[in-house]
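The next block holds one structure in the form of structure tokens; read it before the comments.
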Amino acid sequence: MRGFKTAKRKKKPWRRVIRNPMRKRQSEILSPEFFRFRKIKLAYYSVPSALKAEKEPILFFHANGFSALTYSPIYEDLSKAGYPVYALDFMGHGLSEATDEFRDWYFFRDQVLAFLDHLGLESVFGVGHSLGGASVLLAASNDIKQRFRKLAVLDPTVLTPLTSNLLYFVPNPLAKLADKRRAVFKNLQVVERSYRMMPMYKRWQPKSFQAYLKSAFRIRSDGQFELCLPPKIEAQIFRGLRPGHWKNYRILRQQILVLSATRSDVTPPSACRKLTRNNLESAYFRHSDGSHFFPMEDPSWVSNHITRFLSGEENQGKRKYETIS
100 MRGFKTAKRK
110 KKPWRRVIRN
120 PMRKRQSEIL
130 SPEFFRFRKI
140 KLAYYSVPSA
150 LKAEKEPILF
160 FHANGFSALT
170 YSPIYEDLSK
180 AGYPVYALDF
190 MGHGLSEATD
200 EFRDWYFFRD
210 QVLAFLDHLG
220 LESVFGVGHS
230 LGGASVLLAA
240 SNDIKQRFRK
250 LAVLDPTVLT
260 PLTSNLLYFV
270 PNPLAKLADK
280 RRAVFKNLQV
290 VERSYRMMPM
300 YKRWQPKSFQ
310 AYLKSAFRIR
320 SDGQFELCLP
330 PKIEAQIFRG
340 LRPGHWKNYR
350 ILRQQILVLS
360 ATRSDVTPPS
370 ACRKLTRNNL
380 ESAYFRHSDG
390 SHFFPMEDPS
400 WVSNHITRFL
410 SGEENQGKRK
420 YETIS
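Numbering (this note's numbering), first residue to last: 100 to 424.
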């Protein structure tokens, strides 16, 4: 306005703004990339190393019914330790397209190998939980180029040679549960209240549960939320677990870290011993208070064992079995 002088702003001394490098990287975790696998669009996420001198990359594969981003707390720890992480959404999970045109878990093995081909990496560490663990074991045993240097599997669905043969005669009970799973909810608050009352979700760390909530559900045109993975596809995946995988597991010669838990019978101690038999630098550890979902219940325990194993600190030259308190 005329008649009034505008006060001049005092110049502040120049100062350097130090940005947190992890802030950008955390946003990058939420940015999906895509590639084609047998005409199906699959999503994946790239988590850069937080260190300048980055180590060999980790390929991470999730369990049936979850998503790549469910394991974000583990990726953060691995990134801080210098490992870039590439995490795949299996078919039908997260942002990946779904199909019912598959018969068995070799379909997921092939997704692992196609993902590795797409990335063009020549040497990697393979990590997987449950379905993801079994799939990365199958992939490593069938990878002609031998690109998997080490494997870390978290309660992989391998059972034992004897119990897996029971699948010839007994239907997988998890398939029946998946068939009955509720798929549509009014909002995510309803999902959280409902799921947090279930035993399998009660012990999850809040960050893991929120990561799952935001990546395993999608909003519909009517404003409601639904599971990204249709229950019928989840059930079909469970039914696709067939006997015969152990002929693949037995030929593995890589160093293998097996993590399991006392409240889970998915990977019993006898299976852990069989998986680690062929390499003296392999190791297996058992969480004394964890369920099959210990990667979400105690992610720091998982990431600590993985980083120690991959760096060579974990039990070199001697197989080890440990139960923690």
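Every residue gets a Cβ at the ideal spot worked out from N, C-alpha and C, and that includes glycine. Keep in mind it's a predicted model, so treat the numbers as computed, not measured.
Does the distance from the CB of residue i to the CB of residue j come in under 7 Å?
| i | j | result |
| --- | --- | --- |
| residue 338 | residue 282 | no |
| residue 186 | residue 207 | no |
| residue 155 | residue 240 | no |
| residue 407 | residue 390 | no |
| residue 327 | residue 310 | no |
| residue 180 | residue 332 | no |
| residue 233 | residue 278 | no |
| residue 139 | residue 190 | yes |
Which value, in whole angstroms, describes the spacing of the CA atoms of residue i and residue j?
| i | j | result |
| --- | --- | --- |
| residue 145 | residue 284 | 30 Å |
| residue 224 | residue 251 | 8 Å |
| residue 211 | residue 177 | 20 Å |
| residue 235 | residue 226 | 7 Å |
| residue 265 | residue 172 | 36 Å |
| residue 342 | residue 370 | 14 Å |
| residue 393 | residue 301 | 12 Å |
| residue 149 | residue 183 | 8 Å |
| residue 42 | residue 162 | With the chain covering 100 to 424 only, the question about residue 42 has no answer from this structure. |
| residue 216 | residue 323 | 37 Å |
| residue 153 | residue 321 | 45 Å |
| residue 293 | residue 262 | 33 Å |
| residue 247 | residue 346 | 18 Å |
| residue 121 | residue 205 | The predicted model places residue 121 with a pLDDT of 40, which falls under 50 and marks its position as unreliable; any figure quoted below should be read in that light. Approximately 36 Å, taken between the alpha carbons. |
Helix, strand or coil, according to DSSP, for residue i in the structure here?
| i | result |
| --- | --- |
| residue 302 | coil |
| residue 289 | helix |
| residue 124 | Per-residue confidence for residue 124 stands at a pLDDT of 43, beneath the threshold of 50, marking its modelled position as unreliable; the derived number appears in the next sentence. Three-state DSSP puts residue 124 in a helix. |
| residue 185 | strand |
| residue 226 | strand |
| residue 337 | helix |
| residue 386 | strand |
| residue 273 | helix |
| residue 353 | coil |
Suppose the cutoff is 6 Å on Cβ atoms and the five residues either side in sequence are ignored; what does the same chain contact list for residue i look like?
| i | result |
| --- | --- |
| residue 238 | 208, 211, 212 |
| residue 372 | none |
| residue 203 | 339, 341 |
| residue 395 | 303, 307 |
Let me know if residue i comes out buried or exposed under the rule of 16 or more other beta-carbons within 10 Å of its beta-carbon.
| i | result |
| --- | --- |
| residue 336 | buried |
| residue 350 | exposed |
| residue 124 | Legend: pLDDT at residue 124 = 43, less than 50; position of this residue unreliable, no value from coordinates given. |
| residue 354 | buried |
| residue 249 | buried |
| residue 130 | exposed |
| residue 157 | buried |
| residue 268 | exposed |
I'd like to confirm something about residue i: is its beta-carbon nearer than 6 Å to some heavy atom of the ligand MN, or not?
| i | result |
| --- | --- |
| residue 290 | By its list of ligands, the structure shown contains no ligand whatsoever, and the ligand MN lies outside what it can speak to. |
Going by beta carbon distance, what residues of the same chain come within less than 7 Å of residue i, once the five residues before and after it are set aside?
| i | result |
| --- | --- |
| residue 188 | 141, 142, 143, 166, 167, 194, 195 |
| residue 352 | 377, 378 |
| residue 366 | 254, 255, 257, 357, 359 |
| residue 319 | 325 |
| residue 402 | 173, 176, 177 |
| residue 133 | 140, 141, 142 |
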